[in-house]
Amino acid sequence: MKQVKVVLAALSLCALSACSSMKTSSDYDPAANFSDVKTYAWVEKKTQDGSYHLDGLMDQRVRSAVDSQLSLKGVKLTDPTTADVLVNYLTKVDKKINVDTFNTNYGYNPYYGPRWGMSGSMHTQTTVREYEVGTLILDMVDRESGKLIWRGSVADTIRDKNTPEERIEVVNQAIAAMLMNYPPKPEAK
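Residues in the sequence shown are numbered consecutively from 0, following numbering that gives the first Met the number 0.
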């Protein structure tokens with residue numbers, strides 16, 4: 000019975016990942032020793048401006064998801080003065096345009112009979128769709144040297160999510176996908 004549950008969970012995970020349009024990538028400094036990274040801290044804000052922050056809820060969601068994923072990997076949140084790495088993220092939104100043109104040549108032609116593609120009449124339809132792609136970039140900087148040692152990103156088409164629960168789920172999935180291959184495994188030479 001336990002094996003059936005494990006198999007069903009694995010199949011569900013595969014089905015979810017097959018439907019996802021998230022694109023992830025990462026890059027890292029091959030000289031960095033990621034086995035030494037045991038603690039992290041969030042980069043502190045440069046200003047003390049306490050005014051309303053437009054993305055306050057999203058900021059909480061991203062930080063919570065990163066905290067959760069790094070904890071699963073054995074990297075603990077600590078004080079910025081003693082952390083091995085400092086973590087920060089940024090987001091950006093790009094507008095994209097998709098143009099699709101369809102040519103249709105079908106129907107009934109009395110000279111050829113009811114054959115597809117033989118009607119002699121061509122119809123062209125073009126659709127233009129504008130959409131937004133959101134990208135979340137996560138950086139890890141060595142606290143002592145100040146050098147960037149790892150950068151991950153995840154990009155996906157922005158869709159309107161109606162509930163806070165759906166938004167939280169999307170952020171959790173995005174962060175999990177981005178950090179799936181962290182820490183990086185050195186390539187065999």
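Each residue gets a CB set at the ideal place from its N, CA and C atoms; glycine is no exception. All values reported here derive from a predicted model rather than from experimental measurement.
Using the Cα positions of residue 158 and residue 169, report the straight-line distance between them to the nearest angstrom.
-> 10 Å
What are the start and end residues of the alpha helix (DSSP H) that includes residue 166?
-> 163 to 177
Check whether the stretch 91 to 103 touches the stretch 70 to 78, taking contact to mean three or more Cβ pairs, one atom from each stretch, closer than 8 Å.
-> no
Cα-Cα separation between residue 174 and residue 122, rounded to whole angstroms | 45 Å
Just the Cα atoms here: how many angstroms apart are residue 256 and residue 29?
-> Summary: the structure shown does not reach residue 256, with the chain confined to residues 0 through 188, and so no result is reported for it.
Taking residue 37 as the reference, which of 84, 67, 22 and 26 has the closest Cα?
-> 84
Proximal residues to residue 87 (C-beta, below 6 Å), its chain only, five neighbours per side dropped = 42 and 138
Residue 66 versus residue 136 - alpha carbon distance | 15 Å
With DSSP collapsed to three states, give me the class of residue 139.
-> strand
With DSSP as the reference, label residue 86 as helix, strand or coil.
-> strand
What's the gap between the Cα of residue 127 and the Cα of residue 69?
-> 41 Å
Among 131, 125 and 180, which has the Cα closest to the Cα of residue 151?
-> 180
For the beta strand (DSSP E) containing residue 153, list its first residue and its last residue.
-> 147 to 156
Is residue 176 near residue 57, with beta carbons less than 7 Å apart?
-> no
Please list, in chain order, all residues of the same chain as residue 183 whose beta carbon is under 8 Å from its beta carbon, the five residues on each side excluded.
-> 25, 27, 33 and 149
Would you identify the three-state DSSP class for residue 65, choosing helix, strand or coil?
-> helix
Kindly identify the DSSP beta-bridge partner or partners of residue 124.
-> 101
Going by CA-CA distance only, name the one from 171, 23 and 89 that's closest to residue 44.
-> 89
Quick one: Cα of residue 51 to Cα of residue 60, how far?
-> Caution applies to residue 51, whose pLDDT of 47 falls short of 50 and renders its modelled position unreliable; the model cannot decide the point.
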